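Just below is one structure, and these are the notes that go with it.
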Amino acid sequence: MMSPSFSSAFPIRANAAQAPSSGIVEVFDYGRGRNGLIPLWVGEGDMPTPAFVAEAAGASLAAGETFYTYQAGLPSLREAIATYLGGMYGTPVAADRIYITSGGMHALQIAVTMVAGAGDEVIVPTPAWPNFIGALTVAGATPREVPMRFGAAGWQLDLEAVAAAIGPKTRAIVINSPANPTGWTASAEEIRGLMDLARRHGLWIIADEIYGRFYFDGPRAPSFRDVMREDDRLLFVQTMSKNWAMTGWRLGWIEAPSALGQTIVNLIQYSSSGAPVFIQRAAEAAIRQGDALIAEQVERARRNRQILLEAFARQNRFRVAPPAGAFYLFFGIDGVEDTRQLAFRLIDEANVGLAPGTAFGAGGEGFLRLCYLRKSEDIALAADRLVEAVARL
2 MMSPSFSSAF PIRANAAQAP SSGIVEVFDY GRGRNGLIPL WVGEGDMPTP
52 AFVAEAAGAS LAAGETFYTY QAGLPSLREA IATYLGGMYG TPVAADRIYI
102 TSGGMHALQI AVTMVAGAGD EVIVPTPAWP NFIGALTVAG ATPREVPMRF
152 GAAGWQLDLE AVAAAIGPKT RAIVINSPAN PTGWTASAEE IRGLMDLARR
202 HGLWIIADEI YGRFYFDGPR APSFRDVMRE DDRLLFVQTM SKNWAMTGWR
252 LGWIEAPSAL GQTIVNLIQY SSSGAPVFIQ RAAEAAIRQG DALIAEQVER
302 ARRNRQILLE AFARQNRFRV APPAGAFYLF FGIDGVEDTR QLAFRLIDEA
352 NVGLAPGTAF GAGGEGFLRL CYLRKSEDIA LAADRLVEAV ARL
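Under the working numbering, the first residue of the sequence shown is numbered 2, with each subsequent residue one higher.
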């Protein structure tokens, strides 16, 4: 933490100074580079980007596509994404609703910039990906956390608690489903309930559905697309990172009413000036040719989820329920409250890297997040190490 003398000597805006540090990175840095450590702390798999995606980027570079391009994104990529979404959800999506960003985080920042700022409140069900709180804080808005409940059926959202959190300063609700870190997935009924709340109070919904294909009860998770109307205040933030093993490429998109197109283009201009063409060519190849890759990743996640659940069942101190979606297990251990310290201890004693639940906001205390999108052999070994370590606690 900066000393008072440093901050007084170099005064900056409060919302920038108050940007929260990452509780995930803290643990990551502690265990980084340890021999034999199984790193399950960050939200990505271990599969490199497939060759056909990288080759598309290489071909673009070889062709000299190294200049400025459309702020909204290449028309061919926007069309490819619209076609992909239309096929996935069964309803046509217009390409002029799609705007290419430099990663999903960039899409989230643009969404937040459009709907909330100083004096505004935004509801975030937690535990949640910490970048939601971070983006709102940096924008000057106030996150209003609504803690979810954990029980035998897993994580549950309390719609009445969400409704009770709505006040005169509320401008939006952020909904991540399937969710990072819990794997909670909104039911069709919950989607309708949230949409009704937003309509009744004139709120925006920022919908993060990036794990929509990582769903274990069907081909894709319930979506706000299933209930949306043309006049709904809905912003979808998306990324190439998860489905297509492209976390390091930093490409995503925001989907919004086309009436907001010029505003979004302006915000892209003043934040990134557009995504590199060669990365967009790679993304287009992934979108058009990547169905088999997605199926492989989802099946790997399904298999690894089962490996973990069966292993944890051998030790009755684990508090865990099968997540419906995403590729995380968010679990507790009976008798352990300080999971931040436990995360450090598990690095030392089990050589497994996990993220502490305290990094994910209210309701995360007493839990740990494990990302299981890796080789099944690694997951099985990590599970055995964790079971043995918990037995010694």
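Built from N, CA and C at the ideal position, the CB exists for glycine as well. If you're wondering where the values come from, they're calculated on a predicted model, not measured in any experiment.
| Query | Result |
| --- | --- |
| Please say whether D233 and M196 have beta carbons closer to each other than 8 Å? | yes |
| Just grab the DSSP bridge partners of I334 for me. | F319 |
| Is T171 buried or exposed, if buried means 16 or more other CB atoms sit within 10 Å of its CB? | buried |
| With burial defined as no fewer than 16 other Cβ atoms inside 10 Å of the residue's Cβ, what is the status of L36: buried or exposed? | Reading off the sequence, residue 36 comes out as Asn, not Leu. So N36 counts as exposed. |
| Using CA atoms only, rank isn't needed, just tell me which of T340, A312, L387, L235 is closest to G24. | T340 |
| Alpha carbon to alpha carbon, what distance is there between T248 and P49? | 9 Å |
| With distance defined between alpha-carbon atoms, name the residue in A360, D379, A293, Q110 nearest to T183. | A360 |
| Going by DSSP, what residue range makes up the beta strand (DSSP E) through Q239? | 235–240 |
| Just to check my reading of the structure: Q72 and G275 have Cβ atoms closer than 8 Å, yes? What is that Cβ distance to the nearest angstrom? | 5 Å |
| Please list the terminal residues of the continuous beta strand (DSSP E) segment that includes R172. | 171–177 |
| L241 and A287: beta carbons closer than 8 Å? | What sits at residue 241 in the sequence shown is Met, not Leu. Against a cut-off of 8 Å, the Cβ pair of A287 and M241 comes out as a contact. |
| Could you check which residue in V26, A60, A95 has the C-alpha nearest to that of P258? | A95 |
| Where does the unbroken beta strand (DSSP E) through L371 begin, and where does it stop? | 368–372 |
| What residues in its chain sit with their C-beta under 6 Å from that of R193, if we drop five residues either side in the sequence? | V228 |
| Tell me which residue opens and which closes the alpha helix (DSSP H) that A189 is part of. | 189–202 |
| How many Å lie between Y69 and V54 at the Cα? | 21 Å |
| Alpha carbons only, please: which of E66, R79, I295, Y31 is nearest the one belonging to L252? | R79 |
| Taking 8 Å as the threshold (C-beta atoms), are A383 and E350 in contact? | no |
| Tell me the start and end of each unbroken beta strand (DSSP E) in the segment 226–298 that is at least 3 residues and wholly inside, in chain order. | 235–240, 253–256 |
| Which same chain residues, not among the five before or five after P277, have their C-beta less than 7 Å away from its C-beta? | none |
| Could you compute how far the alpha carbon of A140 sits from the alpha carbon of P21? | 12 Å |
| Just verifying my parser: in three-state terms, what is the DSSP assignment at Y90? | helix |
| Using only alpha-carbon positions, find the residue among Y271, P324, F332, P357 that is nearest to T102. | Y271 |
| Beta carbon of D440, beta carbon of T92: below 8 Å? | In the structure as shown, the chain begins at 2 and stops at 394. Residue 440 is therefore absent and cannot be evaluated. |
| Alpha carbons only, please: which of F328, L343, R320, A81 is nearest the one belonging to D335? | R320 |
| Among D47, T67, G155, E256, which one has its Cα closest to the Cα of D379? | D47 |
| Going by C-alpha to C-alpha distance, which of Q281, E338, T127 sits closest to A60? | Q281 |
| Using beta-carbon positions only, say whether I206 and I176 come within less than 8 Å of one another. | yes |
| Quick one: any contact between the segment 290–307 and the segment 146–156, if contact means 3 or more CB pairs under 8 Å? | no |
| Considering V28, what are the terminal residues of the alpha helix (DSSP H) in which it resides? | 24–32 |
| Out of K376, R346, G362, A363, state which residue places its alpha-carbon closest to the alpha-carbon of L387. | R346 |
| Give the list of continuous alpha helix (DSSP H) stretches no shorter than 4 residues that lie fully inside the segment 55–106. | 76–90 |
| So the candidates are G32, G333, A119, I348; which of them puts its Cα closest to the Cα of G358? | G333 |
| Going straight from the alpha carbon of L343 to that of A283, what length do you get? | 40 Å |
| Can you name the start and end residues of the alpha helix (DSSP H) that D385 belongs to? | 377–393 |
| DSSP state of D209, grouped into three classes? | strand |
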